[in-house]
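Q: One structure follows; several queries about it will come next.
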Amino acid sequence: MRLKKCILFFISIFYFFGNLVSFANNDVFQSLEVSYFNFIDKIETKYNEENEIKLLSTITPQIESLLSNKNISDNKKKLLEYFKQINQDKIEELKAFINKKNKLYNTQKTEELKYILRLKQITKIGEIPPFIKDLQDSGKTLISVDENFEFVENNIIKQFFLEKNTNYYNISASTYKSFYNMQGIIVYNISQDKYMFFLDNGSYKIITKTPFSNFYKNSINIIDTKNNFSIDEKGMSYIIKKEGNNYYLIQFERYFDPNNSYGYYPYSLEKLGHKNIIFFKDFEGKIFYITEFKKTKFIGINLISSVKDKENFIKIIHNDKAFFYEDREKIFYEIKQLSESLTKNMKTDDEKIQKIYSWIIDNISYLKDYDLKNKDIFSGIITYKNKTGVCEGYVNLMIYMLLFSGIKDIEDIDGWVTNSKDFLKIGHSWLRIGNYYYDPTFDDPIIIGQKQENLNLIKEKKYKYFKLPKDLMYADRYDYEYLAENIKTLSLEERNDIVKKNFYNLALKYKDNNYELLKAYYFRIKYNLKYNEKITKDILKNVVIPYYEVYNNNWSILINERLRYIHQLEYIKFEKNDDLEPMLEAKNFNIDGIYILKWNFGDNQYEYRLGYNLKIRD
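All residue numbers for the sequence shown refer to the working numbering, where the first residue is 10 and numbers rise by one.
Right, here's the structure in full:
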């Protein structure tokens, strides 16, 4: 009954606010979000995940009942639908957490079983000597231990723990009878191959080893740091831990190894208390613990309430080193509001992705001169704040905006661009969304490989690296860990040749897809040009583009044996043997209205121009 009252009370709170204020009032909206997550915080402290799901599942029908009221205003309806959605998202998050915890629990239980079987095998006694059997018959207990005095009893790991200055007696065939009337225990140390007798006088105790799997079922968590463990230049380590409504940054210098995959003994940690201990797994799944650490608030859970893939968000934040910036929450709220504003009327993920991609290209400038030691240039939040950055900053910012817009299944990728001059010196970053790949940095017009005089020709250069299949994105790159060894020793010219051949073959494969990235190779295929053939004036003049001579003194031009005059012209100058591909690329390989002009100045002086927007008069 008390639980039901608690739920109804919360429902009445935000419905009351919905009656009083507009949904557009951000301050009230955020206060309602805070109220909801405070409510979540309270039930998390009282109930396990299964009961949390039962509790939250009773909220949805209450909201639906309110939504069924035909007289409800649109603003109130939006408000209720929003809280219905975040409540459902919270339920799904809890279900995913339970599944993950169960998976971790089962994996850990398997490790513990292996440990038990291994210890059983190690401590297995072969043939027990007759004098030991005689002592057993007299009522003495025999245990076999390894070098750490561990043994298995009823599939539980225990330890024969010795107090300081503990005395024991070696047992032999000549001395065993002296122990008949003593109260004590026989211990066989397998590593030393000897039998010892310990008196029952408080000099020892048998303690049970606590398995790590217990933490998966109880309130003490083992943090899986696969996605959120890092070490800075000073040797300080960082992990992120969720508690209640907040994520906390755990900062520490030293961590300890329990030296096994099974668990730990309470005596080693009992003086510290559980609240002063944090267990975590490293990248390989090995468990460590820390006892001295600094815990500071990282971000509030309400900040990422709309994010479907919260674990990935935390991973990106961590990799982004965002915890170094004091105003991170303020910047994140700005990014969140911007992202939601840009995509609020979008119905499909593709629309949202393209909107965000375009915003980044239009509003972020690539930082040409930078110091690799300056970590700010790689940060998504600093890229947003300064409106400038490098590839990693572009990618991190785009991922934040995508996640805030409800997009999931996103991966940031680092690797090498094989036809780069800085190959093996400076890497690159791009991202995967679902089954497709995106590179916002390479679609930024500022860094397209064009001469400055050609940049004014670029009208739309945004989607060459947008939504590409994997083979097309990877025609000119490798992930760091998958770089082919033979590529490392090739020259830039050789690597360029491989990339061009890759693109040419993919243009044949995707001849019906009209990918912007393959326009140069569609052009080559159409006009029977080789994949690596230099596109010069003579090739174009004889194949596809009209060629005329112009006389500078009166701008006269002979067309179809008729003398006419140039009224208007835009052009790009080039040398006789120049590669004209960059100029064609600037026109998106659309050669309609393009001319090759030999511009005569007299006295056998001339230059070549690629002309466009040509208007003539009689």
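Where a beta carbon is used, it is the ideal one built from N, C-alpha and C, also for glycine.
For Ser212, I'd like the list of residues in its chain whose CB is within less than 6 Å of its CB, leaving aside the five on either flank, ordered along the chain.
A: By one-based count along the sequence shown, residue 212 stands at place 203. Excluding sequence neighbours, Ser212 sits near Glu172 and Thr175.
Q: For Asp453, which residues in the same chain have their Cβ closer than 6 Å to its Cβ, ignoring the five residues on either side in sequence?
A: As a first step, residue 453 is located in the sequence shown; it is residue number 444 there, counting from the start. The answer, listed in chain order, is Ile370 and Tyr375.
Q: Could you check the C-alpha separation between Ile442 and Phe170 for me, to the nearest Å?
A: As a working mapping, residue 442 is identified with position 433 in the sequence shown. As a working mapping, residue 170 is identified with position 161 in the sequence shown. For Ile442 and Phe170, the distance between alpha carbons rounds to 55 Å.
Q: With distances taken Cα to Cα, identify the nearest neighbour of Asn569 among Tyr557, Asn537 and Gln260.
A: Here residue 569 corresponds to residue number 560 of the sequence shown, with the count starting at 1. Asn569 has its Cα closest to that of Tyr557, out of Tyr557, Asn537 and Gln260.
Q: Kindly indicate the opening and closing residues of the beta strand (DSSP E) around Gln577.
A: Stepping through the sequence shown from its first residue, residue 577 is reached at position 568. Here the beta strand (DSSP E) through Gln577 covers Arg571 to Phe583.
Q: Excluding the five sequence neighbours on either side, which residues of its own chain have a C-beta within less than 7 Å of the C-beta of Glu594, listed in chain order?
A: Position 585 of the sequence shown, counting from 1, holds the residue named residue 594. Closer than 7 Å at the Cβ level, and outside the excluded window around Glu594, lie Ala529.
Q: Are the beta-carbon atoms belonging to Ile195 and Thr132 less than 8 Å from one another?
A: Here residue 195 is taken as the residue at index 186 of the sequence shown, counted from 1. Here residue 132 is taken as the residue at index 123 of the sequence shown, counted from 1. Their beta carbons are not under 8 Å apart, which means Ile195 does not touch Thr132 by this criterion.
Q: Output the distance between the C-alpha atoms of Ser270 and Asn111, rounded to the nearest integer angstrom.
A: Taking the first residue of the sequence shown as position 1, residue 270 is located at position 261. Taking the first residue of the sequence shown as position 1, residue 111 is located at position 102. Distance between the alpha carbons of Ser270 and Asn111: 17 Å.
Q: Span of the beta strand (DSSP E) holding Trp564?
A: Taking the sequence shown and counting its residues from 1, one reaches residue 564 at position 555. Premise fails: Trp564 is in no beta strand (DSSP E) and is neither H nor E.
Q: Thinking just about the alpha-carbon of each residue, which of Ile72, Ile419 and Asn78 is nearest to the one in Asn96?
A: In the sequence shown, residue 96 corresponds to position 87, counting from 1. It is Ile72 whose Cα lies nearest to the Cα of Asn96.
Q: Leaving out five residues on either side along the sequence, give the residues of the same chain with a beta carbon under 6 Å from the beta carbon of Tyr177.
A: What you label residue 177 is simply residue 168 of the sequence shown in a count that begins at 1. Same-chain partners within the cutoff: Met205 and Phe207.
Q: What does the alpha-carbon distance come out to for the pair Glu579 and Arg618?
A: What you label residue 579 is simply residue 570 of the sequence shown in a count that begins at 1. What you label residue 618 is simply residue 609 of the sequence shown in a count that begins at 1. Distance between the alpha carbons of Glu579 and Arg618: 9 Å.
Q: Three or more C-beta pairs under 8 Å: does that hold for the region 152-170 against the region 212-222?
A: As far as the Cβ criterion goes, the region 152-170 touches the region 212-222, which means the pair count is three or higher.
Q: Output yes or no for whether 8 Å exceeds the beta carbon distance between Asp146 and Tyr185.
A: In the sequence shown, counting from the first residue as 1, residue 146 sits at position 137. In the sequence shown, counting from the first residue as 1, residue 185 sits at position 176. Cβ distance not < 8 Å, so Asp146 and Tyr185 don't count as in contact.
Q: For Pro275, name the three-state secondary structure that DSSP assigns.
A: In the sequence shown, counting from the first residue as 1, residue 275 sits at position 266. Three-state result, Pro275: helix.
Q: Can you give me the Cβ contacts of Asp480 inside the same chain, cut-off strictly under 7 Å, excluding the 5 residues immediately before and after it?
A: The residue you call residue 480 lines up with position 471 of the sequence shown. Once the five neighbours on either side are set aside, the close Cβ partners of Asp480 are Leu515.
Q: Helix, strand or coil: how does DSSP classify Glu525 here?
A: Against the sequence shown, residue 525 aligns to sequence position 516. Helix, per DSSP.
Q: By how many angstroms is the C-alpha of Ala105 removed from the C-alpha of Phe288?
A: By 1-based counting over the sequence shown, the position of residue 288 is 279. By 1-based counting over the sequence shown, the position of residue 105 is 96. If I take the Cα positions, the gap works out to 21 Å.
Q: Suppose you measure from the CA of Glu628 to the CA of Ser429; what does that come to, to the nearest Å?
A: What is shown of the chain runs 10 to 627, which leaves residue 628 out entirely.
Q: Grab the span of the alpha helix (DSSP H) containing Leu76 for me, first residue to last.
A: On the sequence shown, residue 76 is found 67 positions in, with the first residue counted as 1. From DSSP, the alpha helix (DSSP H) with Leu76 extends over Ile68 to Leu76.
Q: List the residues that DSSP assigns as beta-bridge partners of Leu619.
A: On the sequence shown, position 610 is the one that residue 619 refers to. According to DSSP, Leu619 bridges with Ile581 and Ile605.
Q: Could you work out which residue in Lys582, Leu517 and Phe261 is closest to Leu606 when comparing CA atoms only?
A: One-based indexing of the sequence shown puts residue 606 at position 597. Nearest option by C-alpha distance: Lys582.
Q: Suppose you measure from the CA of Lys339 to the CA of Tyr256; what does that come to, to the nearest Å?
A: Here residue 339 refers to the residue found at position 330 when the sequence shown is read from its first residue. Here residue 256 refers to the residue found at position 247 when the sequence shown is read from its first residue. Roughly 15 Å between the two C-alpha positions.
Q: Pick out whichever of Ile137, Phe451 and Gly272 has its Cα sitting closest to the Cα of Arg486.
A: By one-based count along the sequence shown, residue 486 stands at place 477. Checked all of Ile137, Phe451 and Gly272; the closest Cα to Arg486 is Phe451.
Q: Apart from the five residues just before and just after Asp423, which ones in its own chain have a Cβ nearer than 8 Å to its Cβ?
A: Position 414 of the sequence shown, counted from the first residue, corresponds to residue 423. Counting only Cβ-Cβ distances below 8 Å, and skipping sequence neighbours, we find Glu401, Gly436, His437, Ser438, Asp488 and Tyr489.
Q: Would you call Ile687 buried or exposed, if buried means 16 or more other Cβ atoms sit within 10 Å of its Cβ?
A: Given that the chain is displayed from residue 10 to residue 627, the structure contains no residue 687 and the question cannot be resolved.
Q: Can you tell me which of the three DSSP states Tyr536 falls into?
A: Counting from 1 along the sequence shown, the entry for residue 536 is found at position 527. The answer is coil: DSSP assigns Tyr536 none of H, G, I, E or B.
Q: Tell me whether Gly415 sits in a helix, a strand or coil according to DSSP, three-state version.
A: Sequence index remark: in the sequence shown, residue 415 carries index 406 (1-based). Three-state DSSP puts Gly415 in coil, outside helix and strand.
Q: Assuming Asp358 is part of the alpha helix (DSSP H), what are its boundary residues?
A: Counting from 1 along the sequence shown, the entry for residue 358 is found at position 349. Per DSSP, Asp358 belongs to the alpha helix (DSSP H) from Asp358 to Asn372.
Q: For Pro220, collect the residues of the same chain with a Cβ closer than 7 Å to its Cβ; drop the 5 residues on either side in sequence, then sort them by chain order.
A: If you number the sequence shown from 1, residue 220 lands on position 211. Excluding residues within five positions, the ones whose Cβ falls inside 7 Å are Glu121, Tyr271 and Gly272.
Q: Classify Asp612: buried if its beta carbon has 16 or more other beta carbons within 10 angstroms, exposed otherwise.
A: Here residue 612 refers to the residue found at position 603 when the sequence shown is read from its first residue. Exposed, because fewer than 16 other Cβ atoms sit within 10 Å of the Cβ of Asp612.
Q: Within 8 Å, do at least three Cβ pairs link the region 406-415 to the region 317-330?
A: Because the criterion of three Cβ pairs below 8 Å is met, the region 317-330 and the region 406-415 touch.
Q: By the DSSP assignment, the alpha helix (DSSP H) with Gln130 in it spans what residues?
A: Position 121 of the sequence shown, counted from the first residue, corresponds to residue 130. Looking at the DSSP string, the run of the alpha helix (DSSP H) that includes Gln130 is Asp83 to Ile131.
Q: How would you call Asn60, buried or exposed, if buried means at least 16 neighbouring beta carbons within 10 angstroms?
A: Counting from 1 along the sequence shown, the entry for residue 60 is found at position 51. Looking at its Cβ environment, which holds fewer than 16 other Cβ atoms inside 10 Å, Asn60 is exposed.
Q: With DSSP collapsed to three states, give me the class of Pro591.
A: Position 582 of the sequence shown holds residue 591. Reduced to three states, the DSSP call for Pro591 is helix.
Q: What do you reckon, are the CB atoms on Lys109 and Ile49 nearer than 8 Å?
A: Counted from its first residue, the sequence shown places residue 109 at position 100. Counted from its first residue, the sequence shown places residue 49 at position 40. Against a cut-off of 8 Å, the Cβ pair of Ile49 and Lys109 comes out as no contact.
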